[in-house]
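Residue numbers (my numbering): 227 to 546.
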């Protein structure tokens, strides 16, 4: 898209002057930020295509979509079992591993994965041995792990900014090697969900029945906790530790309102998570705001629409 007056191209972001000093048109206004004389009004097709011409936006789309899909699949277990607090605790517990990896100069994803899996194992051990109630064990472990991460981060103040990217998310800074790691972890997680689908299905809905049928329900639940932890690792760079819980809860909760069974619920959760990623990136690009927050708020908007739809459907069913 070009400025009518000077022929300059629209830049990388709204209201930002291009480094080559080319004109930039404010979105949907037709006024050039550089010369103030532009008269070009971008079409709807141009507005839809424009963000994806940029490589960093393509990487952000892949990363957020992978994170949303993985979190939506595992999040169905979180929603159906009523353990949303677990979806908040395990992402926070990864921060200790991230901080250790930064200090040692190791792989951040590996550090986060080790911390998340260890946290899940400790939570399960404390609760199943009867030492603590499940929610107490979850709260204690995640607080200790997160506090450890904060302590380690304070030892190297120059790492604070980099660590903040993992807390609040930075999808526009995702690199291709990050995407490959996310795809590997997410793909392995999806493969395990498909491989043990029957065992997961009966355990989620009726753990005592699963035990009676010979299904190791305790191990399946532990595996699902580890799955939640790995889903949090996938979303570390895309949406951050703080907001990854929203991807674990909002799309599955939205799908639960309208889906008749678990397979449909999982498919709808995946679709809603991916759609929230696309819509959130659009809003972030044209509004020059936080992509992570836009993705989460888009998912929240879908949830509100599902609530309204269910309410209207219920009123119609009750009407004579």
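Backbone N, C-alpha and C fix where the C-beta goes; we use that ideal spot for every residue, glycine too. Treat the numbers as computed from the prediction; the structure is a model and nothing was measured.
Check	Outcome
Would residue 431 be called buried (16 or more neighbouring beta carbons within 10 Å of its own) or exposed?	exposed
In the structure shown, what three-state DSSP assignment does residue 256 receive?	Confidence in residue 256 is poor, its pLDDT being 46 and thus under 50, which makes the residue's placement too unreliable to answer from.
Take residue 441 as the anchor and find which of 424, 353, 298 and 450 has the nearest alpha-carbon.	424
On the DSSP letters alone, give me the boundaries of the alpha helix (DSSP H) that residue 278 sits inside.	Where residue 278 is concerned, there is no enclosing alpha helix (DSSP H), given that its DSSP letter is neither H nor E.
Identify every run of the alpha helix (DSSP H) within the region 371-417, keeping only runs that are complete inside it and at least 4 residues long; order them along the chain.	386-394
Pull up the distance between the alpha-carbon of residue 306 and that of residue 298, whole angstroms please.	12 angstroms
Less than 8 angstroms between the CB atoms is what I'm expecting for residue 522 and residue 465, so what's the real figure, rounded?	7 angstroms
Taking only three categories from DSSP, how would you classify residue 357?	coil
Go ahead and label residue 262 buried or exposed: buried means 16 or more other beta carbons lie within 10 angstroms of its beta carbon, across all protein chains shown.	Low per-residue confidence applies at residue 262: pLDDT is 48, beneath 50, and the placement is therefore not dependable enough to give any value.
Helix, strand or coil: which one does DSSP assign to residue 516?	coil
Determine the direct distance from the alpha carbon of residue 282 to that of residue 429, and round the result to whole angstroms.	41 angstroms
Can you give me the start and stop residues for the alpha helix (DSSP H) that residue 466 sits inside?	466-484
Which residue's Cα is closest to the Cα of residue 443: 333, 323, 337 and 354?	354
Pull up the CB-CB distance for residue 313 and residue 460, whole angstroms please, since I reckon it's below 8 angstroms.	Not quite, the Cβ-Cβ distance comes to about 13 angstroms (not below 8 angstroms), so this is no contact.
Assuming residue 536 and residue 483 are in contact, meaning their beta carbons sit under 8 angstroms apart, how far apart are those beta carbons, in whole angstroms?	5 angstroms
Evaluate the contact criterion for the region 486-504 versus the region 324-344: three or more CB pairs, one atom per stretch, below 8 angstroms.	no
Under the assumption that residue 509 contacts residue 520 (Cβ atoms under 8 angstroms), give the Cβ distance between them as a whole number of angstroms.	4 angstroms
Do residue 288 and residue 405 have their C-beta atoms within less than 8 angstroms of each other?	yes
Can you give the Cα-Cα distance for residue 416 and residue 479, rounded to whole angstroms?	19 angstroms
Could you tell me the boundaries of the alpha helix (DSSP H) in which residue 314 lies?	310-330
Compute the Euclidean distance between the alpha carbons of residue 470 and residue 330, then round it to the nearest angstrom.	25 angstroms
Taking its Cβ as the centre, do 16 or more other Cβ atoms sit within 10 Å of residue 426, making it buried, or is it exposed?	buried
How long is the line joining the alpha carbons of residue 328 and residue 394, rounded to whole angstroms?	17 angstroms
I'd like to know whether the C-beta atoms of residue 364 and residue 311 end up nearer to each other than 8 angstroms.	yes
My understanding is that residue 526 touches residue 477, with C-beta atoms under 8 angstroms, so please give their C-beta distance in whole angstroms.	That pair is no contact at about 10 angstroms.
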